[in-house]
Amino acid sequence: MAHEYLLEMRGVSKHYHGNYVLKGVDLKVKAGEILGLVGENGAGKSTLMNILFGMPVIHTTGGYEGEVRLAGETVRFANPGEALSAGIGMVHQEFMLLPGFSIAENIKLNREPLIPTTLSRFLGTRLSKVDMPRVRGDARRALDTIGLGIDEMLPVLGLPIGFMQFIEVAREVDKSGVRVLVFDEPTALLTESEAGQLLAALKRIASSGVAVIFISHRLEEVLTICDNITVLRDGEVVTTTPSAGATLTMIAELMVGRQTKRPPLGERTVEPSDDDIVLELYNLEVDMPGEEVRGVSLAVRRGEILGIGGLAGQGKVGLSNGIMGIFPARGSVKKDGLEIPLNRPGEAYKHGIAFLSEDRKGVGLILDRSIEYNISVVATLTKGDFLKRLPIGAAIRDRKTATAYAEGAIEDLDIRCTGPTQRLRHLSGGNQQKVCVARALALKPEVLLVSEPTRGIDVGAKEKILDLLTGMNRQQGVTIVLTSSELAELRRVCDRIAIIYDGRLVDILSPDDSNAKFGLAMAGKKVSEA
Amino acid sequence: MEAKPKRSLRLFIRDNGVPIMFLALCGLGVVASGKPLGFLLQETIGRMARNSFIVLSLVVPIVAGLGLNFAIVLGAMAGQAGLIAVAEAKVTGLAGIFTAIAVSFPLALLLGWGAGSIMNKAKGREMIAGMILGFFMNGVYMLVFLFGAGTILPIKDPKMILPQGYGLRNTVDLQVIKWALDNLLKVRLGPVSLPLATFAATALLTWGISKLFSTKLGQDMRAAGQDMRIAEVAGIQVDRTRMVAMLISTVLAAIGQILFLQNIGTLNVYDSHGQTGTFAIAALLVGGATVTKATVGQALLGTFMFHLLFIVSPYAGQNLLGSAMVGEYFRAFVAYAVIAFSLALHSLQRGKMAIRR
Amino acid sequence: MSLRERVSKSVSDLGLPRLTVILFLVSLFIVGGIQGVPLGDLVNSSIGRFSMNALLTISMVPAIQCGIGPNFGLPVGIIAGLIGLVLSMEMGFTGFPGFMVASALGLSLGAVFGVLYGHLVNRVKGQEMMVGTYVGFAVVSGMCMFWLLMPFRHPRLIWTLGGEGLRVTISLSDFFSNVLDNLLAIKIGAIKFPTGLVLCVGLIAALYRLFEYTRAGIAMDLAGQNEQFARAAGINVERMRVTGTAMSTAMGALGIIFYAQSYGFVQLYTAPLMMAFPAVAAVLIGGASPKTASISNALVGTLLFQTLLAITVPVSQSVISGDISEIIRLIVSNGMVLYALTRGPGGGNNGS
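Chains as they are written, first to last, in the working numbering: chain C, 1 to 530; chain R, 531 to 887; chain E, 888 to 1239.
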């Protein structure tokens, strides 16, 4: 063959409105090779894959720079369909399976072999008969390729999750002419033995001459099955290294990689310490789908900013949602030694805890209502603020005080708007988030749980939000528990950072700890101080 | 091993609650009516022959995920327009039937296209949209035949036009095509006479529907019916598939209404289609179909039981409570209650599924 | 903003169907004026129809606010009101006391029915409109048997000879027809203003406005706006939905009593079957959506819709010597509902 690599991405760059998320990325895979692609959330993995697949989001935002070569030829896919027909397949994180169809029908979904009929000759191929025996046969062959001995005629409904992932893989394998297969976190939902089976299947697929790109946060898996590993950080390739000889610590350190100088934050009169605990979690378990918490015990010091870090899907987000009673939880949560009843939303508010949700559009905002309403409504409902009593005895909402409060908040938080009566829908993401902060402030909380406060917000607003939070902490002494996927952000403002992996607390680190320590903790490994 | 038949019996009862309950209700009704079985059978078979076709027209949209197609009323209107044309042109016999179908076909396609477009815009609310669309089009239909007939539409027959010179009378006599299909091939079987040709039409449709589901189009319908998003991601043109389902359903309903009215023999211009949707849907549900699952067998079984109950209710009311009216109100109640129950059951089950996820 | 921008903005704010209704209304007034339809009669019939129907439309507001969407199950409330009316008459009450007894019975039955209906609706989230419609239909047809079989004795209520059960239409002239309309009624020329009825409707509207500003009202509205948000703030969303449904149903019960005393007749059997639709259409014409509604939407919508129907009768009679109002009612009301259904996602389910 003239070309050494089946897939080559050369000098690929991509920016959104001048913000570069990929900077000159090179990526190469040979036929039969498994390439591991690792990096933190936001390192650019998904953007890179979107470019490979020609996703519309790339084209609508101005395309990309650099080139993609498939078997030595430059390609530029205009849509995912083109990528698919060129032999690039992807196994998604979420299952695209129809529960009422059999396994075979799912594998051949919309690619069913057809038999022409009299009608189809006149009225188009959609009136051809579906060739069921061949659907079965093809499915059987694909299942055998990946070593799954299940009856292909069983309905998907009721199958264990693990099997569904295999069916997804079988579907990709069955696509004729598949040359490059991308696996995006395929083992995230699998048990250990299922994951082992899947990895074996992956090797088998690669050995049949397919180039495999394996994206995973489970670094051990990457090290065991990949031939080479490409590490992305902040949109750049840090290194591409053979996995033979690489170690967990090395990869972890390369992933995290940056040493930011901590800008000085305000001084405190009393330093937080373990002698004064404000919030105590004991063995907290939370059933938040995709972010399960499997038993976390943690003590939050009064007056500190505690960071909760970890990779997506490991359970860090579940923690505050469990405390607030939004998702079912077990275990115990104490505020100043007093038990907060779990699974009863609203209870935490009564104990002086406020929450800024990561799900801004869902739990955070009423888009069709005014700024003033959004800021005051929770305080009215949970604490009876912003009410006035009428002569007839009923207490009704006092728009005047609420508006006055909102005007103050708009001023203090620099919310860009036409006034307190403007609807939230018309504000930018950053200003919407400031409204959320204002609402939390209106509750005058002792403890503020903040979840992903800077997600989807432009850089300027990001800074402002972080300043607001540290200001609240330093000036008003509010204890803050800050959950974030951005480690850099946590390391900038937090006193301590707790890392969650697989629903459990791995370690509590100091923001000044080494990159390797953070990298390993996020991969679930605690480095014992030696 | 011995416990197995018992368990499967329980499962059988659980999965077929509605038809079993209805069977019991029918049994009680038959006993209470005090009528000879032969008479009831004759009546029921006659009604089956004229109603099955339209009930079957509901199956395709259910499989394609549009739920119960309350908009088949539109098809019925198209069918009636065809019949009005035939009555005006005095085309008799089978030729009349085919002419009526030919006239209603493009109309049904047009109306089905409109209904399909609306349902593609009201995803997740197809049923209520279909129902309201039926009411809306009823207004348009009245406008057309009350004010358009004799003015814009070339209808001249003084027996059809109101004395004022325009607008259709309430009833149009369909003598020209009455029983044209029913009498084509009639076989007596003891006390019961069977309109074989009408049954053959139904059988043909049954065969056609089952063939449709073995095609690629049918496979796409089933896929879109289960999960529009996944089907879309797999490259199936969901909106187009749903549209085709609506077109098929509307055209079949038009033909069904023509077959129904050739048996009745008179057309109540402003009433005949009114309850078409409700009764056809209730019949289908009685057979054990649900908002998301329906088979040809359920349609036929349901039509049989629903009409048996329809026949016995007034007699049973007369015998038990001394009032035939009670029986008539009872059957209307049953039709509505069956639909309400099935809809509630459907969203209950969907709610449970969502929680499990 | 230029004039053109302003016009196009106000068009998009109003929405196409609402604009159509208003333009249609205006053109009918013009045609009516040319044809010499007496204006006094028109105003009279418009005011009359508006005050008769206003409460039925207002009953949609708590239902939409609590998140179940337009209450297509309104016949459940109407049945409660009808039972109140019939029982009050059967017990021999007449005049204002009779009206009060009917209202008290209707309201309390309506509240009970509403709570039961609310619990049902809570189990069918996402399908409230459809289930509501058919539960309404089933209740109305089930009640037909009740009207037929219950042993009512009052000679004004039952058929004098031969018939069985209650009459289909019962005249209120010997009981309490127009008691509210005539209360403090003002006559200016040909126009008779039903002061008592308008005041009562106004009082209920004002009380509901007040409720909207209380903690309970805010909580109910929030439950309808955003279920997750409300839950996170500690609101029992299910209870709020039951509360809203019960309020809507009770208002429907009182609404039909207001309607009947004004109309002068009680219509039983299948008459309530389709009564939810004009109320739903009116609130939507007034600017509500399946997710948001206010008292002013209900009042404006009822005024527009009922005026339209009132004016169609004489104008169409003068132009084409036929009554087209029933057709207009079907097309306008269902067209409005259809338009609302095909716009945007959601509809009682927060789009998920």
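Note that the Cβ used here is the ideal one computed from N, Cα and C, for glycine as well. All values reported here derive from a predicted model rather than from experimental measurement.
Rounded to whole angstroms, what's the CA-CA distance from residue i to residue j? Just pull it up for me.
i	j	result
Leu-1160(E)	Thr-728(R)	35 angstroms
Val-924(E)	Leu-912(E)	14 angstroms
Lys-686(R)	Phe-122(C)	40 angstroms
Ser-1205(E)	Gln-922(E)	7 angstroms
Tyr-1146(E)	Arg-1102(E)	32 angstroms
Gly-352(C)	Val-590(R)	57 angstroms
Thr-187(C)	Thr-145(C)	19 angstroms
Arg-97(C)	Glu-105(C)	Checking the sequence, you will find Leu at residue 97(C) rather than Arg. Using only the alpha carbons, I get a separation of about 10 angstroms.
Gly-158(C)	Gln-197(C)	20 angstroms
Gly-1104(E)	Gly-1111(E)	11 angstroms
Pro-1165(E)	Ile-1198(E)	16 angstroms
Leu-27(C)	Ile-305(C)	39 angstroms
Between residue i and chain R, is there a C-beta pair that is closer than 9 angstroms?
i	result
Met-978(E)	no
Asn-343(C)	no
Asn-940(E)	no
Val-130(C)	yes
Asn-958(E)	no
Gly-1139(E)	no
Pro-1201(E)	no
Ile-965(E)	no
Give me whichever residues DSSP pairs with residue i in a beta bridge.
i	result
Val-231(C)	Val-38(C), Thr-239(C)
Ile-353(C)	Val-447(C)
Arg-301(C)	Ile-277(C)
Arg-423(C)	Ser-370(C)
Thr-703(R)	The sequence given here has Asp at residue 703(R), not Thr. Partner(s): Thr-796(R).
Ala-329(C)	Val-286(C)
Phe-1152(E)	Ser-1058(E)
Can you find the residues in the same chain that come closer than 8 angstroms, C-beta to C-beta, to residue i, ignoring five residues on each side of it along the sequence?
i	result
Ala-1072(E)	Lys-1079, Phe-1080, Pro-1081, Thr-1082, Gly-1083
Leu-427(C)	Ile-371, Ile-415, Arg-416, Cys-417, Val-435
Met-978(E)	Val-988
Does any C-beta atom of chain E lie closer than 9 angstroms to the C-beta of residue i?
i	result
Tyr-405(C)	no
Leu-413(C)	no
Thr-421(C)	no
Arg-455(C)	no
Asn-668(R)	yes
Gly-890(R)	Since the displayed chain R opens at 531 and closes at 887, residue 890(R) lies outside it and no answer follows.
Gly-395(C)	For the sequence presented, residue 395(C) should be read as Ala rather than Gly. Ala-395(C) counts as touching chain E.
Met-657(R)	yes
Asp-287(C)	no
Ile-326(C)	yes
Tell me whether residue i counts as near the ligand PLP, meaning its Cβ is closer than 8 angstroms to at least one heavy atom of that ligand.
i	result
Val-270(C)	Absence of the ligand PLP is noted for the structure shown, with no ligands found whatsoever.
Leaving aside the five residues before and after residue i along the sequence, list all residues of the same chain whose C-beta is less than 6 angstroms from its C-beta, in chain order.
i	result
Ala-615(R)	Val-633
Lys-388(C)	Asp-398
Gly-605(R)	Ala-638, Thr-780, Ala-783, Ala-784
Leaving out five residues on either side along the sequence, give the residues of the same chain with a beta carbon under 7 angstroms from the beta carbon of residue i.
i	result
Asn-343(C)	Gly-325, Pro-328, Ala-329
Ile-396(C)	Leu-387, Lys-388, Leu-390
Let me see if you follow: with CB-CB separation under 9 angstroms, is residue i close to chain A or not?
i	result
Thr-1056(E)	The chain inventory of the structure shown lacks chain A, comprising the protein chains C, R and E.
Open item on the list: For the region 1113-1125 of chain E, list every residue whose C-beta sits within 8 angstroms of some C-beta in chain C, in sequence order.
Closed with: Asn-1113, Gln-1115, Phe-1116, Arg-1118, Ala-1119, Ala-1120, Gly-1121, Ile-1122
Task: Residues from the region 1022-1037 of chain E in contact with chain R, defined by Cβ distance under 7 angstroms - done: Val-1022, Phe-1024, Ala-1025, Ser-1028, Gly-1029, Cys-1031, Met-1032, Leu-1035, Leu-1036
Open item on the list: What are the residues in the region 734-768 of chain R lying within 9 angstroms of chain C by C-beta distance?
Closed with: Lys-741, Leu-742, Ser-744, Thr-745, Lys-746, Leu-747, Gly-748, Gln-749, Asp-750, Arg-752, Ala-753, Gly-755, Gln-756, Asp-757, Arg-759, Ile-760, Ala-761, Val-763, Ala-764, Gly-765, Ile-766
Open item on the list: Taking beta-carbon pairs under 9 angstroms, can you tell me which members of the region 986-1017 of chain E lie near chain R?
Closed with: Leu-1007, Arg-1010, Val-1011, Lys-1012, Gly-1013, Gln-1014, Glu-1015, Met-1016, Met-1017
Task: chain R contacts from the region 1079-1094 of chain E (Cβ-Cβ distance under 7 angstroms) - done: none
- [ ] Give, in chain order, every residue of the region 1098-1112 of chain E whose Cβ lies closer than 7 angstroms to some Cβ of chain C.
- [x] Tyr-1100, Thr-1101, Arg-1102, Ile-1105, Ala-1106, Leu-1109, Gln-1112
TODO: Mind checking the region 1167-1199 of chain E against chain C and listing, in chain order, the residues whose C-beta falls within less than 9 angstroms of any C-beta there?
DONE: Lys-1178, Thr-1179
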